[in-house]
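These notes concern the structure reproduced below.
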Amino acid sequence: MARYFTEEHEWIEVEGDTATIGITEFAQSQLGDLVFVEVPTAGTELTKGAEAAVVESVKAASDVYSPVSGTVTEGNSALEDDPSLVNSAAEGEGWFYKLTIADTGELDGLMDEAAYKEFVAGLD
Amino acid sequence: MRYLPLTDTDRTAMLGVIGAPSVDALFSDVPEAARLGGPIEGLASHASELAVERHMTRLAAKNLSAGEAPFFLGAGAYRHHIPASVDHLIQRGEFLTAYTPYQPEIAQGTLQTLFEFQSQVARLLGCDVANASMYDGSTASWEAVVMARRITKRGRVLIADGLHPHYVSTITTMARFTRDAIQYAAPRLEAGCGEEALIAAIDGETSCVVVQYPDILGRLPDLAAIAEAAHANGALLVAVVTEPVALGAIRSPGELGADIVVGEGQSLGVGLQFGGPYLGLFATREKFVRQMPGRLCGETVDAAGKRSFVLTLSTREQHIRREKATSNICTNSGLCALAFTIHLTLLGEKGLRALAAENHRLACLAADKLAAIPGVELVNRSFFNEFAVRIEGDARQIVRDLAAKGVLAGVGLGRLYPDQPELAGGLLVAVTETTTEDDINALVAGLQELLA
């Protein structure tokens, strides 16, 4: 099991060819209180970099991009009723969707946790 | 500071920067034939204010206006009596703006009236939530179609034959950019609304079915049956109401299963106004609220715990969401919405029901009398305050002949459907509370004389 990060502040946890995707702790802290999250439904085909989900805080809306290509197997329906899960547990219970990875080779360009931490530190 | 107009030197310098030889050269994209080569022939280059006023008064006197003659025109714009207090109140300085508030929360009074407007519209159309208005009924219809596209992620639109052809035209024009496939055919002059054919055409690719209620011929399609068929195929029902006064007498589209209900709000408070400005109504189910276009006013409490109003769910809108906004509308028809709300408030539920009943009573009277004329046949099986009759001959010519006799008889279908010769004998007759029995008798007598 391995966790990767993107420059758009998504995390992706990979086990075999299935992955769980969400936004990072840093991303949620920048967005502030979330009021709405729209996640993709099972069966949706996503390509790497495509818009996969939408997050809305009180005064801003942002897109969440898919870090890899694949087929969505499940969207986190808990976020529909309680978007604040993303604020309280961005990298845990506040996951967005799970997918079956089409090409694990796409993971090669992503950052590991140490590299992402360094990337975020460089943003200040 | 003095205002100094541009000198020739300024102009030459600016043209030099952009590399254009002359100001006229900037308009080279406009075809030669469409350009004005010189002064307009017959138009004096100057005249005194007084002379212009006299001239305009003489021109205006050639019109036969709605208030001066027996008047039966409708087809999407209805003459109703507007209490004098409506115009008085909307002209108060606190309210008098045709535009949307851009520093909204400072104008609590404006937001409160918008909140009341939304509450009235939602209740009238039978929906959970309504926005603070759109431009007019036709653009609201397009917004409903494109909202259905976002919700269903499908691109096939079925339009019932009874949708106002101008609305069809707006939808078709805009659909060129989304590439939605539009299925529509002009209506036939018959009592049935063609629900069976419409229902049979719904499939798994259909995003929405758009149905006007009452429709362009005044007929009342079976919305509940269409809604059921649409939902069974994962499609939405968009209902279009061009005469909201009708909802004082008939069941609301939301109650009958419509998912998005849009309409033209002109008939309450706004007046005919030579065709505009009007006011678009837009309402939907709560679960679709994030896909709704337009401004939305919400109730909340301020820091001191007092009731107050805000513009809410703004992340749908263009000023925040940019190109991913639900719509490029980022405003509303503020003044017309205010007029609508004041008129409807003055009526109240009881008043609206009484107004609707009076419209229908007079319309029935007119329909009965017209149908008794040899050569005139009533098309509708049911109607509210507007119906279609079939007349031997060209209805547009009959309208012109009756106008010459001082009766504004209605809208000839040839005007709405110039490419459909089989509809040329159709005449739409609208009857409201402003119509008197004498007016109806004048129409009947005039028509009888022409057809004799």
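Just so you know, the protein sequences line up as chains B and D, in that order.
Under my numbering, the first residue of the first sequence carries the number 1, and numbering increases by one thereafter.
Under my numbering, the first residue of the second sequence carries the number 1, and numbering increases by one thereafter.
Just so you know, even glycine gets a beta-carbon here, dropped at the ideal spot from N, CA and C.
Given the structure is predicted, the values throughout are model-derived calculations rather than measurements.
Determine which residues share a DSSP beta bridge with residue i and list them.
i: residue 63(B); result: 54(B)
i: residue 212(D); result: 240(D)
i: residue 72(B); result: 99(B)
i: residue 264(D); result: 280(D)
i: residue 130(D); result: 283(D)
i: residue 308(D); result: 300(D)
i: residue 54(D); result: In DSSP, residue 54(D) forms no bridge with anything.
i: residue 158(D); result: 183(D) and 209(D)
i: residue 388(D); result: 428(D)
i: residue 3(B); result: 13(B)
i: residue 27(D); result: Answer is none; residue 27(D) lacks a bridge partner.
i: residue 20(B); result: 13(B) and 98(B)
i: residue 270(D); result: DSSP lists no partner for residue 270(D).
i: residue 377(D); result: 390(D)
i: residue 111(B); result: 5(B)
i: residue 411(D); result: 428(D)
i: residue 71(D); result: 408(D)
i: residue 37(B); result: 55(B)
When you compare each of the options to residue i by their alpha carbons, which one comes out closest?
i: residue 89(D); options: 343(D), 377(D) and 445(D); result: 343(D)
i: residue 350(D); options: 120(D), 248(D) and 439(D); result: 248(D)
i: residue 102(B); options: 55(B), 39(B) and 44(B); result: 44(B)
i: residue 267(D); options: 244(D), 259(D), 48(D) and 277(D); result: 244(D)
i: residue 75(B); options: 61(B), 112(B) and 93(B); result: 93(B)
i: residue 67(D); options: 451(D), 408(D) and 430(D); result: 408(D)
i: residue 363(D); options: 348(D), 341(D) and 386(D); result: 386(D)
i: residue 79(B); options: 72(B), 56(B) and 60(B); result: 56(B)
i: residue 429(D); options: 418(D), 377(D), 451(D) and 449(D); result: 377(D)
i: residue 112(D); options: 123(D), 94(D) and 124(D); result: 94(D)
i: residue 203(D); options: 226(D), 185(D) and 121(D); result: 226(D)
i: residue 452(D); options: 417(D), 398(D) and 406(D); result: 398(D)
What is the C-beta distance between residue i and residue j, in whole angstroms, given that I count them as a contact (C-beta under 8 Å)?
i: residue 80(D); j: residue 432(D); result: 5 Å
i: residue 339(D); j: residue 270(D); result: 5 Å
i: residue 131(D); j: residue 265(D); result: About 12 Å separates the two Cβ atoms, so there is no contact after all.
i: residue 27(B); j: residue 90(B); result: 7 Å
i: residue 439(D); j: residue 414(D); result: The pair is not a contact, with the Cβ atoms about 23 Å apart (cut-off 8 Å).
i: residue 388(D); j: residue 189(D); result: 7 Å
i: residue 53(B); j: residue 96(B); result: 5 Å
i: residue 23(D); j: residue 11(D); result: 7 Å
i: residue 427(D); j: residue 446(D); result: With 8 Å as the limit, residue 427(D) and residue 446(D) do not qualify as a contact, their Cβ atoms being about 12 Å apart.
i: residue 356(D); j: residue 258(D); result: The Cβ separation is near 19 Å, so there is no contact.
i: residue 116(D); j: residue 434(D); result: With a Cβ gap of about 26 Å, residue 116(D) and residue 434(D) do not count as contacting.
i: residue 60(B); j: residue 31(B); result: 7 Å
i: residue 345(D); j: residue 292(D); result: Actually they do not touch by this definition, with Cβ atoms about 24 Å apart.
i: residue 347(D); j: residue 133(D); result: Contact doesn't hold; Cβ gap of about 18 Å is too wide.
i: residue 239(D); j: residue 261(D); result: 5 Å
i: residue 461(D); j: residue 137(D); result: Because residue 461(D) is not part of the residues shown, which for chain D are 1 to 452, the question remains open.
Please tell me whether residue i has its Cβ less than 9 Å away from any Cβ of chain B.
i: residue 315(D); result: yes
i: residue 329(D); result: no
i: residue 324(D); result: yes
i: residue 320(D); result: yes
i: residue 295(D); result: no
i: residue 290(D); result: yes
Examine chain D for any beta-carbon lying closer than 9 Å to the beta-carbon of residue i, and answer yes or no.
i: residue 38(B); result: yes
i: residue 33(B); result: no
i: residue 78(B); result: no
i: residue 61(B); result: yes
i: residue 45(B); result: no
i: residue 8(B); result: no
i: residue 56(B); result: yes
When you compare the CB of residue i with every CB in chain E, is at least one pair closer than 9 Å?
i: residue 82(B); result: As a matter of chain content, chain E is missing from the structure shown, whose protein chains are B and D.
Just to confirm, does residue i get its C-beta within under 8 Å of one of the non-hydrogen atoms of the ligand ATP?
i: residue 106(B); result: The model on display carries no ligand, and the ligand ATP is accordingly not part of it.
Inter-stretch contact at 8 Å, needing at least 3 Cβ pairs: the segment 305–317 of chain D / the segment 150–170 of chain D: no
Mind the definition here: the segment 274–285 of chain D touches the segment 241–259 of chain D only if three or more C-beta pairs lie below 8 Å; say whether that holds. yes
Can you confirm whether the segment 77–90 of chain B touches the segment 16–35 of chain B when touching is taken to mean that 3 or more C-beta pairs between the two stretches lie within less than 8 Å? Contact between the segment 16–35 of chain B and the segment 77–90 of chain B is present: 3 or more CB-CB pairs across the two stretches fall below 8 Å.
Can you confirm whether the segment 203–211 of chain D touches the segment 224–238 of chain D when touching is taken to mean that 3 or more C-beta pairs between the two stretches lie within less than 8 Å? yes
Using a Cβ distance threshold of 8 Å, determine whether the segment 212–228 of chain D contacts the segment 373–385 of chain D, with at least three qualifying pairs required. yes
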